[in-house]
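Counting from 12, one number per residue, gives the positions in the sequence shown under the numbering used here.
For each residue, glycine too, the CB sits at the ideal point set by N, CA and C.
Quick caveat: nothing in here was measured; it's all calculated off a predicted structure.
What follows is a short report on a single structure.
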Amino acid sequence: MERTLSIVKPDGVKKNVVGEVISRFEKKELKISALKMLLLSKEEAQRFYVVHKERPFYGSLTHFMSEGPIVVMVVSGENAIAKVREIMGATNPKDAAPGTIRADFASDIERNIVHGSDSQQSAAYEIPFFFSSLEIL
Ligand code: UDP
Ligand code: MG
Numbered sequence: 012m013e014r015t016l017s018i019v020k021p022d023g024v025k026k027n028v029v030g031e032v033i034s035r036f037e038k039k040e041l042k043i044s045a046l047k048m049l050l051l052s053k054e055e056a057q058r059f060y061v062v063h064k065e066r067p068f069y070g071s072l073t074h075f076m077s078e079g080p081i082v083v084m085v086v087s088g089e090n091a092i093a094k095v096r097e098i099m100g101a102t103n104p105k106d107a108a109p110g111t112i113r114a115d116f117a118s119d120i121e122r123n124i125v126h127g128s129d130s131q132q133s134a135a136y137e138i139p140f141f142f143s144s145l146e147i148l
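Structure below.
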């Protein structure tokens with residue numbers, strides 16, 4: 012059993028694909044262990060994506076992530092980290108495999124609908140960023 016942090020980003024909420032994203036996880040035997048909607052401030056988005064601080068897209072990404080509500084969730088199951096990444100598809104929708112969330116719904120490399128932790132180390136930072144232990148079932 013493994014846990015990962017997934018986010019339906021502001022573009023995904025605007026495009027009404029919150030249910031679609033959750034449904035794709037559930038169809039692959041993953042469980043939703045925690046879930047909430049919230050609006051990040053720019054400062055909070057900067058803290059969440061601090062690993063990308065030196066990247067050229069950091070300013071634009073953190074602006075985008077704070078432009079509207081997001082849905083954050085803890086997703087659990089066997090190989091949850093890799094499974095969620097596979098269901099999401101590649102960062103750039105042009106490279107994402109057919110049938111993945113990003114291939115089906117993303118506009119471009121930044122506005123790509125969904126986030127998923129990329130490693131156990133990332134999940135260990137990202138899950139407690141949003142949820143206390145009491146909120147994770
Ligand atoms: N991103 C971007 N331009 C890039 C690479 C990434 O705007 O050239 C954005 C995109 O929203 C991506 C996020 O920054 O999902 C985090 O980048 P990362 O490389 O961690 O991709 P992910 O793990 O989300 O696939
Ligand atoms: Mg990443």
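| said: Assuming A91 is part of the alpha helix (DSSP H), what are its boundary residues? | reply: A91 to M99
| said: Less than 8 Å between the C-beta atoms of V95 and F36, yes or no? | reply: yes
| What is the DSSP secondary structure of V24, reduced to helix, strand or coil? | helix
| task | Sort P139, K105 and L49 by Cα distance to V19 and report the nearest one. | result | L49
| said: For the ligand UDP, is there any heavy atom lying closer than 7 Å to the beta carbon of T102? | reply: yes
| request: Output yes or no for whether 8 Å exceeds the beta carbon distance between A108 and A114. | output: yes
| said: In this structure, how does DSSP classify A114 when only helix, strand and coil are distinguished? | reply: helix
| request: List the whole-angstrom C-beta distance separating G88 from E13, where the pair is believed to meet the contact cut-off of C-beta under 8 Å. | output: 7 Å
| task | Flag D129 as yes when its Cβ comes closer than 7 Å to any non-hydrogen atom of the ligand MG, and as no otherwise. | result | yes
| said: Judging by CA-CA distance, which residue of A56, K25 and V28 is the nearest neighbour of E137? | reply: A56
| said: Given this structure, state the Cα-to-Cα distance separating V86 from K47, to the nearest angstrom. | reply: 12 Å
| From P80 to S44, what does the alpha carbon distance come to, in whole angstroms? | 20 Å
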